[in-house]
Structures are given as structure tokens and as C-alpha cells.
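> Before anything else, here's the structure in question.
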Amino acid sequence: MTIPPVRRPEPVSVVRNVRPWGGAPCDIAISGDRIVDIRPHAPGTAQTPAAGAPPAGAQGALSRHSGPGDPGSAVAEAVVDGHGLLALPGIVNAHAHVDKSWWGLPWQSYAGEPTTEGRIAHERALRDDLGIPGAEQTARVLEQMVSMGTTAIRTHVDVDTGLGLRGIEVVRAAAAAYEGALDVQIVAFPQDGILRRPGVAQLLRTAAEQGAECIGGLDPAGIDRDPVGQLDLLTALAADTGTGIDIHLHDPGELGAFQIELLCDLTEQRGLRGRVNLAHAFALAQVDSARRSALLERMGGLGMTVTTVAPLRLPQLPHRELAEHGVRLGLGTDGIRDLWSPYGTGDTLGIAWQFARASALNEDGALLEAVRLATTDGAWAVGRGPGAHDLVVGARADIVLVDAVNPMDALVRTPDRAAVIAGGRRLR
Numbered sequence: 160m161t162i163p164p165v166r167r168p169e170p171v172s173v174v175r176n177v178r179p180w181g182g183a184p185c186d187i188a189i190s191g192d193r194i195v196d197i198r199p200h201a202p203g204t205a206q207t208p209a210a211g212a213p214p215a216g217a218q219g220a221l222s223r224h225s226g227p228g229d230p231g232s233a234v235a236e237a238v239v240d241g242h243g244l245l246a247l248p249g250i251v252n253a254h255a256h257v258d259k260s261w262w263g264l265p266w267q268s269y270a271g272e273p274t275t276e277g278r279i280a281h282e283r284a285l286r287d288d289l290g291i292p293g294a295e296q297t298a299r300v301l302e303q304m305v306s307m308g309t310t311a312i313r314t315h316v317d318v319d320t321g322l323g324l325r326g327i328e329v330v331r332a333a334a335a336a337y338e339g340a341l342d343v344q345i346v347a348f349p350q351d352g353i354l355r356r357p358g359v360a361q362l363l364r365t366a367a368e369q370g371a372e373c374i375g376g377l378d379p380a381g382i383d384r385d386p387v388g389q390l391d392l393l394t395a396l397a398a399d400t401g402t403g404i405d406i407h408l409h410d411p412g413e414l415g416a417f418q419i420e421l422l423c424d425l426t427e428q429r430g431l432r433g434r435v436n437l438a439h440a441f442a443l444a445q446v447d448s449a450r451r452s453a454l455l456e457r458m459g460g461l462g463m464t465v466t467t468v469a470p471l472r473l474p475q476l477p478h479r480e481l482a483e484h485g486v487r488l489g490l491g492t493d494g495i496r497d498l499w500s501p502y503g504t505g506d507t508l509g510i511a512w513q514f515a516r517a518s519a520l521n522e523d524g525a526l527l528e529a530v531r532l533a534t535t536d537g538a539w540a541v542g543r544g545p546g547a548h549d550l551v552v553g554a555r556a557d558i559v560l561v562d563a564v565n566p567m568d569a570l571v572r573t574p575d576r577a578a579v580i581a582g583g584r585r586l587r
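As numbered in the numbering used here, residues 160 to 587 make up the sequence shown, in order.
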């Protein structure tokens with residue numbers, strides 16, 4: 160399959176004169192894909208934490224030198240001069256659909272029914288004519304997300320009897336162009352149901368056996384009309400293959416709450432602690448506080464997590480209440496410019512803005528929480544533990560530079576991303 164060329168990942172040895180989280184100017188030294196040193200920047204000097212690294216040119220943001228410890232190395236490394244810009248950890252898109260977009264194609268008017276079933280039918284009717292999933296569209300979507308500062312993505316990829324596993328192959332090929340710098344993890348997603356579509360369960364098993372990080376599901380009651388059957392199948396399959404579960408749950412209110420409770424039971428019975436995520440989970444914001452608290456208590460005890468795309472038409476998830484019960488939250492863009500909806504730019508920081516605005520977050524501490532959800536605190540979605548995705552020594556060198564006063568300013572203005580470094584390599 161043909162993948163459009165992307166900027167070749169360029170090794171970086173030093174990011175000079177940046178303000179991590181809005182603090183004092185620092186120089187960040189990188190070796191391989193890790194941050195190895197952070198020290199104060201000395202104004203007016205060429206001081207960097209990497210021995211032998213020259214300063215950036217007076218007019219340019221980059222200079223290049225041979226690899227550290229190897230003067231004859233053919234691999235050029237860049238010194239990125241941040242000129243005092245704000246530095247944030249790389250942005251994590253914890254819930255995406257990079258395989259479904261018509262990004263870069265002519266405008267597609269939505270003509271389906273405004274329901275989940277209607278959107279599924281609309282997509283199925285048009286996707287083949289548009290070449291979805293397609294290598295070029297998927298590559299464009301990844302490039303767009305990178306331009307927005309994204310350095311790690313958990314993406315759901317459609318798996319059904321019409322496509323087989325072709326979507327997963329397309330996504331892996333598009334991600335390979337980044338040579339491992341962009342971290343893309345895959346959820347095999349049965350968009351059109353499991354039990355009602357014979358053969359899909361076997362496709363999920365095959366996807367798991369071939370390395371998909373998670374298997375997914377969709378509205379066990381609303382789509383398959385059998386919540387016990389779908390959840391029993393998914394949890395058994397996850398236990399058998401060692402994969403995780405990331406299930407879309409739009410089913411509202413008490414119907415959704417019942418399914419969360421059932422999933423908790425099966426998670427506990429099948430030893431899936433720490434391996435189950437609920438995407439959307441609208442019910443958690445719709446049931447009364449006592450019911451929600453009881454559900455969150457169980458979820459936290461089982462290491463279950465939640466992802467949201469901050470839907471504007473519905474109540475937002477109570478993020479602090481989730482945190483109090485040990486339920487980690489991640490933010491994602493959902494599908495962008497696809498056959499479900501023409502909206503979306505691929506900017507998870509923009510989703511953090513949307514979440515903060517819809518949740519009436521105004522104080523600096525609350526705004527900072529939203530930024531952290533899009534960066535450090537959302538990195539569990541790609542398997543990174545505490546301290547593994549931050550601007551600290553030992554963390555993966557995922558760094559985004561933004562022209563902003565502080566993280567709160569970056570959130571409310573969502574300015575352009577000036578530079579994007581992922582795994583120690585510059586992508587933008």
C-alpha cells in the first residue's frame with residue numbers, strides 16, 4: 160500500500176531555552192528516546208546539558224552535530240532552540256478512529272439518521288466508494304494529529320466481515336512511516352456489533368493474537384441486544400489472549416450503569432484487573448450520585464479506566480469524582496471528519512478546552528488539570544505509568560513547544576504547536 164511521505168523523524172539531542180510547564184527557562188538533554196538531563200538555561204550563552212552540542216544559529220531554530228560520543232557518526236542530531244517557548248509533555252489522544260476519515264478527500268455531506276445505527280449504516284453505504292480505510296487518508300490523519308502536538312495515540316480500528324483486518328494493516332503501515340517515534344496502539348473495534356454479525360468474534364481473536372493491544376465492543380444492549388452475551392464473550396476472549404478491553408458504551412442511564420456493573424463482575428471473575436477501559440460511559444454522568452459513587456468504587460478497585468471525547472450535548476464526566484475513586488480518565492478526539500460527523504481537527508488539547516469549558520472549569524488549578532488530562536495524566540492509555548510521560552529525567556522524550564505564557568494560557572487559546580518531538584525525534 161502507498162503511504163504519502165511524512166517528515167522523516169529527526170533525532171534531537173538538546174531542546175534549549177524552554178519553560179517546562181511554564182517554569183524557569185531550561186535546557187533538556189535527550190539520549191535516544193529518553194530525557195537524560197534538565198538544567199537551568201544560562202541566558203546569552205551556548206550552554207547546553209549535552210557535551211559538545213553547539214548553539215542554534217542566530218536566525219534558525221535548529222543546528223546539527225554528530226551523535227554524542229561518536230564524532231564520526233553519520234546520524235545528524237538537532238539542537239532545538241525554543242527561544243523561551245512553553246514546553247509541555249507530548250499530547251496523548253486516548254480515543255481516536257484514525258482509519259475512518261475522509262480527510263483530504265472532497266467534502267462529504269452527512270445524510271444518515273442521527274442515531275448510532277443510522278451512522279453505522281451511513282458509513283457502511285459509502286466507505287468502499289471513498290476507499291475507507293485507506294492508507295493515504297490514514298497517513299493524513301496521523302500527520303494532522305502530529306501537527307497538533309500528538310505523540311501517542313490509542314486508536315480504535317474497525318473490524319468486521321466486510322473489511323476483515325484490513326483496517327489494522329492500513330493503520331500499522333501508516334504508523335510505520337514514523338519509525339516508532341509516534342506511539343500508535345490499536346483497539347480492534349467491532350463497530351457493527353459482535354453477536355449479531357457471525358464471524359466477528361473470530362476476527363477479534365485473530366487481531367488479538369496478531370498484536371492488537373485491546374479488543375473493543377459497542378453498546379452490548381443497544382447494538383447486540385444481549386449485554387450478558389457480548390460482555391461474557393469479550394472478557395473470555397481477553398482472558399484467553401492476554402489482551403485488554405476498550406469498549407464503547409453509549410447506552411444511557413440505568414441501562415448503561417447495569418452494563419458497567421456486569422462488566423465489573425466479569426472483570427473480577429476473569430482476572431482482568433487493570434486491563435479494561437470504558438469509552439464514553441455516558442451513564443456515569445447520568446445516574447444519581449449514590450449510584451455513581453458505588454460504580455466508581457468498584458471500578459477503581461478493579462483498575463478500570465474511562466475515556467471521553469467531551470461531548471457537548473451531554474453532561475461531562477465528573478473528573479474529580481473519578482480521580483477520588485482511583486478511576487483514571489483520558490481525553491480523545493473520537494473520529495475526525497468522517498462518515499459519522501464532519502467535525503474534528505485532531506487536536507486533543509482542543510478537546511481539553513472543550514471539556515474544561517463544558518465543565519465550567521475557570522480557576523488556574525482546574526485548567527491545569529484539563530491540560531494534564533491531555534498529556535501526563537492520559538498517558539496510561541498507551542501503557543505509560545507515573546513519571547513515564549512528563550518533563551522529567553527518565554521519561555520518554557515527548558515534548559511539545561507552544562507560544563503561550565503557561566499551560567492555562569495554552570489551553571484557553573490552543574495556539575499552534577511550534578515544535579513536536581516524540582521519542583527523542585523531531586516530527587514538526
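Beta carbons are placed, not taken as given, at the ideal position from N, Cα and C, and that holds for glycine. Since we're looking at a predicted model, the values are computed, not measured.
#1: Would you list the residues sitting across from Cys423 in a DSSP beta bridge?
#2: Helix, strand or coil for Leu244? Go by DSSP, reduced to three states.
#3: Within 10 Å of its beta-carbon, does Gly290 have 16 or more other beta-carbons around it, so buried, or fewer, so exposed?
#4: Distance check for Ala270 and Arg193, CA to CA, integer angstroms please.
#5: I need the boundaries of the beta strand (DSSP E) containing Ala515, first residue and last residue.
#6: Under a three-way DSSP split, which group does Ala212 fall into?
#7: Below 8 angstroms, can you find three or more Cβ-Cβ pairs linking the stretch 548-555 to the stretch 253-271?
#8: When burial is assigned at 16 or more other CB atoms within 10 Å of the CB, is Ala284 buried or exposed?
#9: Taking the C-alpha atoms as reference points, what is the distance between Arg286 and Ser500?
#10: On the premise that Ala255 lies in contact with Ile187, defined as a C-beta separation below 8 angstroms, what is that separation, rounded to the nearest angstrom?
#11: Entirely within the stretch 501-583 and at least 3 residues each: give me those beta strand (DSSP E) ranges in chain order.
#12: Per DSSP, what kind of secondary structure is Ile279 in: helix, strand or coil?
#13: I need the boundaries of the alpha helix (DSSP H) containing Gly491, first residue and last residue.
#14: Hey, Leu363 and Val318: beta-carbon distance below 8 angstroms or not?
#15: Can you tell me whether DSSP reads Gln218 as helix, strand or coil?
#16: Among His315, Arg278, His409, which has the Cα closest to the Cα of Asp258?
#17: State the CB to CB distance for the pair Leu244 and Leu473, rounded to an integer number of angstroms; the pair is presumed to be in contact (CB under 8 angstroms).
Answer, in terms of the structure:
#1: Against the sequence shown, residue 423 aligns to sequence position 264. In the DSSP output, where bridge partners are listed per residue, Cys423 has none listed.
#2: For the purposes of this step, residue 244 is taken as the residue at position 85 of the sequence shown. Three-state DSSP puts Leu244 in a strand.
#3: Counted from its first residue, the sequence shown places residue 290 at position 131. It is exposed - the Cβ of Gly290 has fewer than 16 other Cβ atoms within 10 Å.
#4: To locate residue 193, count along the sequence shown from 1; it is residue 34. To locate residue 270, count along the sequence shown from 1; it is residue 111. C-alpha separation (whole angstroms): 47 angstroms.
#5: As a working mapping, residue 515 is identified with position 356 in the sequence shown. Secondary structure note for Ala515: it is in no beta strand (DSSP E), and the uninterrupted alpha helix (DSSP H) holding it is 507-517.
#6: As a working mapping, residue 212 is identified with position 53 in the sequence shown. Legend: pLDDT at Ala212 = 39, less than 50; position of this residue unreliable, no value from coordinates given.
#7: no
#8: Numbered from 1 along the sequence shown, position 125 holds the residue referred to as residue 284. By the neighbour-count criterion, in which 16 or more other beta carbons inside 10 Å mark a residue as buried, Ala284 falls on the exposed side.
#9: Reading the sequence shown from its first residue, position 127 is the one you call residue 286. Reading the sequence shown from its first residue, position 341 is the one you call residue 500. For Arg286 and Ser500, the distance between alpha carbons rounds to 13 angstroms.
#10: One-based indexing of the sequence shown puts residue 187 at position 28. One-based indexing of the sequence shown puts residue 255 at position 96. Not quite, the Cβ-Cβ distance comes to about 27 angstroms (not below 8 angstroms), so this is no contact.
#11: 558-561, 576-581
#12: Taking the sequence shown and counting its residues from 1, one reaches residue 279 at position 120. If DSSP states are grouped into helix, strand and coil, Ile279 belongs with the helices.
#13: The residue labelled residue 491 in the question sits at position 332 within the sequence shown. Taken as a continuous stretch (DSSP letters only), Gly491 belongs to no alpha helix (DSSP H), as it is neither H nor E.
#14: Locating residue 363 in the sequence shown gives position 204, where the first residue counts as 1. Locating residue 318 in the sequence shown gives position 159, where the first residue counts as 1. In this structure, Val318 lies closer than 8 angstroms to Leu363 by Cβ.
#15: Looking up residue 218 in the sequence shown gives position 59. Confidence at Gln218 is low in this model, with a pLDDT of 27, below 50, so its placement is unreliable and the value that follows should be read with caution. It is coil, neither helix nor strand.
#16: As a working mapping, residue 258 is identified with position 99 in the sequence shown. With distances taken between Cα atoms, Asp258 lies closest to His315.
#17: Along the sequence shown, one-based indexing puts residue 244 at 85. Along the sequence shown, one-based indexing puts residue 473 at 314. Not really, about 35 angstroms apart at Cβ, beyond 8 angstroms.
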